[in-house]
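Take 9 as the starting number for the sequence shown in the numbering used here and just add one per residue. Glycine included, C-beta positions come from ideal geometry on N, C-alpha and C.
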Amino acid sequence: MIQNDCYLIGLTGGIATGKSTVSKMLSNKGYKIIDADIISREVVKVGEPAYNDIVNTLGLRILLDDNSINRKKLGRLIFSSPILREAINNIVHPRVFEEIKTQIEKYCHDNKTIFVDIPLLFECYHRLEENDIILDEIWLVYTDKDTQLKRLMERDNISTDEAMSKINAQMNLEEKKRKSTKVLENNGDINLLENNLNRLITELEA
């Protein structure tokens, strides 16, 4: 793959750990970000193959008035059913990772380092391997569980039980921490987060 011409870093985290904030900071510092969330929205637009497959699987109940997919309803459905979640992931993920690979090949010529922002990177790691996407490093945006819980409850205005249910639906952050190359601590304010990020960038560019 052409990706060998650049340094490829996977960026991941857990729900409400601040990964999106870090991704924006990196973009503002001039780094190219390939965002799996943006790609996942693109591949399920009306008329796309993944869109058709989802509608065939779930029926018209999953559509909004403009015929686009109701992402909130889809999220609730797949959150409540592991079997359905696997079915939808098998529709969406191959298209997402195919596009990630395409973008890596496109941008590697002009960028020394590229960050690939994938929220559930470890949960989907086999998709990277299937597409011959080789990450040089994995950076994890990490918070302790109490901080993660508090932020999620405040962000989504939900109860402790609902927040814990969402947190527990993902791979444990401590396990992700063990699997990561670098850990970006985000237990303080945004200034501390940026200072921690700058330290990692200094190490990267040394």
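Handout entry: Cross-strand partners of G18 (DSSP beta bridge)
Key = V124, I146
Practice task
Please report the residue range of the alpha helix (DSSP H) in which L192 lies.
Solution key: Unbroken run through L192 is the beta strand (DSSP E), 190-193; no alpha helix (DSSP H).
Practice task
May I ask you to report which of helix, strand or coil DSSP gives I141?
Solution key: coil
Exercise for the section: Determine the DSSP secondary structure at L71, reduced to helix, strand or coil. Expected result: strand
Handout entry: Selected residue, minimal CA-CA separation from N199, among G18, G26, G22
Key = G26
Problem - For K37, three-class secondary structure by DSSP - result: coil
Handout entry: Segment contact flag, the region 145-152 with the region 184-192, C-beta cutoff 8 angstroms, min 3 pairs
Key = yes
Handout entry: Per-residue DSSP class, three states only, for I166
Key = coil
Exercise for the section: Determine the direct distance from the alpha carbon of R93 to that of S48, and round the result to whole angstroms. Expected result: 14 angstroms
Handout entry: Rounded separation between H220 and I126 - CA only
Key = Residue coverage of the chain in this structure runs from 9 to 214, which leaves residue 220 outside it and unanswerable.
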